[in-house]
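**Student:** In the numbering used here, the protein residues as written are 15 to 138. The structure follows.
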Ligand SMILES: [Zn+2]
């Protein structure tokens, strides 16, 4: 495991345990596969829309990727490959550094904006 979960400025966060190179795979976002309909019914902030038919319910704690926080200046990005949600480094990440990605406008406006963004860039 390249990552560990510990406290960050925005609650718990996902941190690099060892240096991670730019372009390197970090972790997969895992959970129960739901249809769009089931996801709409369930709601919640850990639903990851893979495509128009498939949503991953990443709420179980075993899904460590759910602890990766949003940042407006992230060091990772999500790439969807064959229906899987994979997190890759977009920068060289040092051991001990928090791993973040951009959650996208929809999520940001719904969940982050009302409370104010806690990412490093916005806290400056
Ligand atoms: Zn921010």
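Just so you know, even glycine gets a beta-carbon here, dropped at the ideal spot from N, CA and C.
(1) Check whether the Cβ atoms of residue 71 and residue 51 lie closer than 8 angstroms to each other.
(2) Given a threshold of 16 other Cβ atoms within 10 Å of its Cβ, counted over all protein chains shown, does residue 57 qualify as buried or as exposed?
(3) Could you compute how far the alpha carbon of residue 113 sits from the alpha carbon of residue 49?
(4) Ignore the nearest five residues each way along the sequence and tell me which others in residue 88's own chain have a CB closer than 6 angstroms to its CB.
(5) Report the option in 107, 127, 123 and 68 whose CA atom is closest to the CA atom of residue 98.
(6) Compare the Cα-Cα distances from residue 133 to each of 59, 85 and 111 and report the closest residue.
(7) Assign residue 21 to one of three DSSP states: helix, strand, or coil.
**Tutor:** Straight from the coordinates:
(1) no
(2) exposed
(3) 28 angstroms
(4) 114, 115 and 116
(5) 68
(6) 85
(7) strand
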